[in-house]
Amino acid sequence: MITPKLVSFIIPVYNAEHSLFPCVQSILGQMYHPIEIILINDGSTDHSKDLCNKLAEVYASIHVIHQENTGVSQARNRGIREANGEYIQFVDADDYIDSMMTKKLVQAMKSNKKCELVICGYEAITTKTSRKKYTPCIEGMLKNNRYLTHIGELYKQIILPSPCNKLYRTDIIREHQLSFTDKLSNGEDLLFNLDYLRHCKHIHIIGDTLYKYLMKDSYSLSRRYRKDYLQEQQRLLEEVTRFLREKRALTTKNQQVIGEIYANSIINALTNLFHPDNSMPRNRKKEQMDDILLTAKRNVDMKYFRGTSQKRLVSMLIRLRATYGLYAFFRVKPFLQHQQRVLSTIVKKVKHE
5 MITPKLVSFI IPVYNAEHSL FPCVQSILGQ MYHPIEIILI NDGSTDHSKD
55 LCNKLAEVYA SIHVIHQENT GVSQARNRGI REANGEYIQF VDADDYIDSM
105 MTKKLVQAMK SNKKCELVIC GYEAITTKTS RKKYTPCIEG MLKNNRYLTH
155 IGELYKQIIL PSPCNKLYRT DIIREHQLSF TDKLSNGEDL LFNLDYLRHC
205 KHIHIIGDTL YKYLMKDSYS LSRRYRKDYL QEQQRLLEEV TRFLREKRAL
255 TTKNQQVIGE IYANSIINAL TNLFHPDNSM PRNRKKEQMD DILLTAKRNV
305 DMKYFRGTSQ KRLVSMLIRL RATYGLYAFF RVKPFLQHQQ RVLSTIVKKV
355 KHE
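Quick note: the sequence shown uses our numbering, first residue 5, plus one each step.
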């Protein structure tokens with residue numbers, strides 16, 4: 005009888021006292037064994053430390069590491085160093101996983117001895133009734149770099165960036181000394197995955213949405229102001245482009261998807277600039293908007309600003325150099341979004357009465 009291979013779960017924990025237990029329970033309830041769970045308490049200031057210790061006392065498969073707060077990237081790196089399994093899964097302490105997730109990922113990995121990575125879909129959950137599934141554009145065993153044809157689309161679908169919907173081989177991570185960077189506030193996951201994929205020729209993609217991402221706020225991304233948003237997005241797109249060039253996979257299809265993502269980033273950067281939490285004076289916002297528009301003209305073909313009415317409007321205003329028109333539009337946009345959220349909440353309440 006062949007002994008099943010150990011899977012190491014790495015969970016960074018920071019002030020997760022309310023979500024950690026259901027997260028861990030979803031892992032302990034996996035239909036696959038053996039597993040180990042590595043909890044890295046990253047300087048929590050709530051009761052997470054005590055909860056981690058209690059879980060480790062009850063379950064022999066749980067190991068706890070306490071450290072000063074260094075951020076999620078360094079916490080994951082610590083987990084990688086401590087892992088004993090042949091495979092690694094990353095789980096965030098706010099989330100949970102389907103009971104069949106590990107079994108299906110391991111089965112996919114073992115279906116071909118050359119397989120180096122397994123990817124699945126995931127589900128974003130905002131409330132008990134609000135769920136959105138993110139399903140990969142392609143499924144099955146992709147041999148001999150065939151996955152490269154779909155990299156752009158997988159990136160656009162938000163399937164590529166996250167480490168939590170994947171099963172990694174520990175030997176590949178350690179042989180090539182791969183780690184998460186802490187030099188970015190956003191996008192470190194994508195860079196890790198690109199580094200890992202540099203050493204992959206054969207990957208398996210599962211269509212099932214097995215990872216459950218719990219969003220505390222369905223509009224959290226639009227509500228959080230990020231000072232260096234566009235610069236970070238530019239770097240990530242440059243890294244994806246560089247990766248595809250290295251792999252000789254910068255096809256017309258992949259270039260088109262990257263262009264579309266770049267166009268979305270320009271719109272998001274303008275939206276972010278007028279975020280209510282941005283206390284920048286009006287003249288400084290105007291200067292930054294000019295910089296964003298200059299970036300758009302230099303790096304993005306206007307044909308990628310198509311599709312939604314918002315994209316078409318922004319494209320027209322950029323071509324007309326209607327700076328004040330853009331300023332006015334993005335200044336009132338947060339107010340319109342707020343009104344839309346209020347209306348949506350009222351409608352949902354009425355439906356449930």
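Where is the CB? At the ideal position from N, CA and C, for every residue including glycine. Note that this is a predicted model, so its numbers are computed, not measured.
Closest residue to residue i among the options (Cα-Cα distance)
i, options, result
"R252", "R239, R202 and S283", "R202"
"L188", "S283, L254, Y100 and Q78", "Q78"
"D194", "K160, K58, R173 and I207", "The sequence given here has Leu at residue 194, not Asp. Residue K160 is the option with its Cα nearest to L194."
"D305", "G263, M293, I66 and E242", "G263"
"L55", "V336, H37 and A20", "A20"
"L171", "K9, Y308 and K337", "K9"
"Q71", "Y18, Q93 and N116", "Y18"
"H154", "A326, D186 and L254", "L254"
"I123", "L214, E40 and N73", "L214"
"S65", "K53, I31 and E120", "I31"
"E105", "L321, T185 and K216", "Note that residue 105 is Met in the sequence shown here, rather than Glu. Closest by alpha carbon: K216."
"V68", "H22, Q29 and P16", "P16"
"I129", "M219, S23, Y200 and P167", "M219"
"L4", "V110, A267 and A97", "The structure shown does not extend to residue 4, since the chain spans only 5 to 357, so no value can be given for it."
"K118", "R173, Q29, E157 and D212", "R173"
"I265", "L158, Q181, L198 and N197", "L158"
"R80", "E90, V110, Y91 and I14", "I14"
"Q260", "R310, D46 and K53", "R310"
Per-residue burial, residue i [other beta carbons within 10 Å of its own, 16 or more giving buried]
i, result
"E192", "buried"
"T38", "It is worth fixing the name first, because residue 38 is Pro in this sequence and not Thr. Exposed, since its Cβ has fewer than 16 Cβ neighbours within 10 Å."
"S283", "exposed"
"V351", "Confidence is the limiting factor: at V351 the pLDDT is only 42, short of 50, which leaves the residue's position unreliable, though a coordinate-based value still follows. By the 10 Å Cβ count, V351 comes out exposed."
"V62", "exposed"
"A87", "buried"
"V336", "exposed"
"V11", "buried"
"I162", "exposed"
"L324", "exposed"
"A326", "exposed"
"Y328", "exposed"
"L48", "The amino acid occupying residue 48 in the given sequence is Ser; Leu does not appear at that position. S48 should be labelled buried."
"L121", "buried"
"S269", "buried"
"P97", "With the sequence shown as reference, residue 97 is identified as Ala, and Pro is not the correct amino acid for it. Counting Cβ neighbours within 10 Å, A97 comes out buried, since at least 16 surround it."
"N73", "exposed"
Three-state secondary structure assigned by DSSP to residue i
i, result
"T106", "helix"
"S313", "helix"
"R230", "coil"
"R173", "strand"
"V346", "Unreliable placement is indicated for V346, whose pLDDT of 45 sits below 50; no coordinate value is reported for it."
"G191", "coil"
"V304", "coil"
"T130", "coil"
"T213", "strand"
"M145", "strand"
"L152", "helix"
"F13", "strand"
"K117", "coil"
"I270", "helix"
Start-end ranges of the alpha helix (DSSP H) lying completely within the region 18 to 102, minimum 4 residues: 24 to 32, 52 to 62 and 76 to 86
Touching by the beta-carbon criterion (3+ pairs, under 8 Å), the region 139 to 154 and the region 202 to 211: yes
Inter-stretch contact at 8 Å, needing at least 3 Cβ pairs: the region 278 to 292 / the region 235 to 245: no
Sufficient close CB pairs (3 or more, under 8 Å) joining the region 109 to 120 to the region 134 to 143: no
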